[in-house]
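The structure appears right after this line, and notes come after that.
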Amino acid sequence: MKRLLLAYVACSAPLAAQSVRGRLEGRVPPASIPVLDSLVQVAAHEHLPTEPLLQKAIEGGAKRVSGERIVKAVVLNLGQLRRGQALLRRAGDTPPATPGEVVTVVWALKRGVPDSVVEQVVAALPGEPRSSALHAIADLVVHRIPADSAAGLILEAVRQGVRGPRLLDVSGAAVQELQRGRTHAEALALVRRELPNVPPPPPPARATVLRARRPGGGAPQVPER
Amino acid sequence: MSTIDPRIHQALDGEIPLATLPPELRRQAELLEAAAALLAAAPAAESVAGRVMAALDHPARRSRLVRWLVTPRAVVLRMRPVWSLALAAGVLLVALLPLREPPSIAAVGEEEGIAQFVARFPGARSVAVVGSFNDWRAGSIALEDRDHDGVWRGVVVLPAGTHEYMFVVDGERWVADPLAGRYVADDFGRENSLLIVRPVKL
């Protein structure tokens, strides 16, 4: 199986193999670098995002995980990316999906949003960023609100013109109602009644912004949203 | 010089009642009483000499001051060279300080946001934030506990979007942020905290 994988990679166009190995060197056990490099090449060949795989490998190295476990985690992530891409295709997204869209779907699935609900959201927001909508639904799902009901609230907010990070305020308002002791149904109904007006979070104070500094060391990675 | 009738004197001194005077004398006595009352009520006038001296004195003082200010004088400052160098270094530091200001609101790009990290680790010697935004490099974002109350804080400019991260305590202990509210499996048997950075709109 491993030989087949390597042969497959050798036939495909290599993805700046040097840069991949360069980023992994010194960050993961050296013996695992060739396999990790191959996995990244496979992802590139399948038009899957490669950055999450590199990040996962580097994360494993930083956490001093063994090379074997790093490879396992990267293989697992490759599978998740494939699942995300397939889901986007099923939901009617025109291929190829952007790396950000695939990663967004993977996050939603990992946070417990069922495939069917993710597909529903993808189909309801064609050509629009779905990151905030999926995170908002996941925020409700982790508070044990049924995924269908959570998706219902968020998609209703979308229908009423709420977009982008403001959708997180919708789920935030529902979670607040739960914390005040309301039942799931009561919380969702209350927030639904308030739509599209949900209180925004307070902007950061000027003093806070002035205190902010940029991370030193490694260059910040632009996230795939 | 006119003389005053002695009976008016007696009436003004209170020796005889005013009503006992003939009408002519009584009117004179009343006029004199009114004049005395007016004089008692009026403020004492400044003396002429005082007023003249005041008028002469002010311009003289002012012109002396102006003359003192415009006349060139030699100023001798005795200073050890080491103090001169320290003074020059201080002036240079003050001049350069504005160049080292923290990022202003204008310096935070449209696709960037502010992330605030707060964590309670009593007794910790160091706490760092490590995540996908800094290539999982420990030490690039160190939190601070200035008042040594065990609460570590940091404010960082990050690209807007979703990031995975963890705290690294004392350089070796990896801990998920208890206040993150969002978590995702890290595929190494633990959970990463999930951070959603919104673009700054002020």
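Protein sequences, first through last, are from chains C and F. So for the first sequence, this note's numbering puts the first residue at 2; every next one is plus one. So for the second sequence, this note's numbering puts the first residue at 5; every next one is plus one. Glycine included, each C-beta is placed from N, C-alpha and C at the ideal position. Since the model is a prediction, treat every value here as computed from it, not as a measurement.
Given that residue i touches chain C, what residues does it touch there, using C-beta distances under 8 Å?
i      : result
F:V188 : W108, K111 and R112
F:W178 : K64
List the residues of chain C that residue i touches, going by C-beta distances under 7 Å, in chain order.
i      : result
F:F192 : G61, K64, V66, R70 and A74
Check the Cβ of residue i against every Cβ in chain F and list those closer than 7 Å, keeping chain order.
i      : result
C:L169 : I200
C:P228 : For residue 228 of chain C there is no data in the structure shown, the boundaries of chain C being 2 and 226.
Does residue i get closer than 8 Å to chain C when you measure Cβ to Cβ?
i      : result
F:R104 : In this prediction, F:R104 has a pLDDT of 49, which is less than 50 and means its spatial position is unreliable; what the coordinates show is noted afterwards. Judged by the 8 Å Cβ criterion, F:R104 is not in contact with chain C.
F:A142 : yes
F:V173 : no
F:V204 : yes
F:S197 : no
Would residue i pass as an interface residue toward chain F - the criterion being a Cβ-Cβ separation below 8 Å?
i      : result
C:Y9   : Residue confidence for C:Y9 is low, a pLDDT of 49 falling below 50, so the modelled location carries little weight and cannot support an answer.
C:T209 : yes
C:L82  : no
C:N78  : yes
C:R212 : yes
C:P205 : yes
C:Q56  : yes
C:P166 : yes
Give the residues of chain C in contact with residue i, contact being defined as C-beta atoms less than 9 Å apart.
i     : result
F:S88 : Those do not exist, as F:S88 stays about 35 Å from chain C at its closest Cβ, beyond 9 Å.
Mind listing the chain F neighbours of residue i? Cutoff is C-beta to C-beta under 8 Å, in chain order.
i     : result
C:T51 : The contacting residues do not exist; C:T51 stays about 14 Å from chain F at best.
Assuming the contact rule is C-beta atoms closer than 8 Å, residue i and residue j should be a hit. Round their C-beta distance to whole Å, please.
i      : j      : result
F:V133 : F:V204 : Actually they do not touch by this definition, with Cβ atoms about 19 Å apart.
F:G2   : F:A164 : Chain F is shown only over 5 to 206; residue 2 of chain F falls outside these bounds and no answer can be derived.
F:V179 : F:F171 : 5 Å
C:V29  : C:I71  : 6 Å
F:W140 : C:A44  : Not confirmed; about 19 Å, so no contact.
C:V163 : C:L135 : Contact doesn't hold; Cβ gap of about 14 Å is too wide.
C:V122 : C:I146 : Contact flag wrong, Cβ pair sits at about 15 Å.
C:R112 : F:V188 : 6 Å
C:N78  : C:P53  : 6 Å
Is any heavy atom of the ligand SAH found at a distance shorter than 7 Å from the C-beta of residue i?
i     : result
C:E60 : Only the bare structure without any ligand can be found here, which leaves the ligand SAH out of the picture.
Does any C-beta atom of chain A lie closer than 8 Å to the C-beta of residue i?
i      : result
C:P147 : The structure shown contains no chain A; the protein chains it does contain are C and F.
Original post:
Hey, which unbroken runs of the alpha helix (DSSP H) at 4 residues or more fall wholly within the region 10-41 of chain F?
Top reply: Listed in chain order, they are 10-17.
Original post:
Which runs of the beta strand (DSSP E), 3 residues or longer, sit entirely within the region 66-151 of chain C?
Top reply: You should have found no qualifying run.
Subject >> Contacting positions in the region 127-144 of chain C - beta carbon closer than 9 Å to chain F >> reply: Within the region 127-144 of chain C, the qualifying residues are S132, S133, H136, A139, D140 and V143.
Subject >> Contiguous beta strand (DSSP E) assignments of at least 3 residues, all confined to the region 114-173 of chain F >> reply: Within the region 114-173 of chain F, the complete beta strand (DSSP E) runs of at least 3 residues are 116-124, 131-135, 155-163 and 165-173.
Original post:
Listed in chain order, which residues of the region 125-136 of chain F have Cβ atoms closer than 7 Å to some Cβ of chain C?
Top reply: Within the region 125-136 of chain F, those residues whose Cβ lies closer than 7 Å to any Cβ of chain C are, in chain order, V134 and S136.
**OP:** Scan the region 11-66 of chain C and note each continuous alpha helix (DSSP H) run of 4 residues or more that stays entirely inside, going in chain order.
**Re:** Runs found: 18-25, 34-46 and 52-63.
Original post:
Quick one, which residues of the region 112-123 of chain F are near chain C if we go by CB-CB under 7 Å, in chain order?
Top reply: Taking 7 Å as the upper bound on Cβ-Cβ separation, chain C lies near residues V112, I118 and Q120 of the region 112-123 of chain F.
Original post:
Along the region 65-82 of chain F, what residues have a CB closer than 8 Å to any CB found in chain C?
Top reply: From the region 65-82 of chain F, no residue has a Cβ closer than 8 Å to chain C.
**OP:** Could you pull out every unbroken alpha helix (DSSP H) segment of at least 4 residues lying fully inside the region 143-202 of chain C, listed in chain order?
**Re:** Complete alpha helix (DSSP H) runs here, min 4: 148-160, 167-180 and 185-195.
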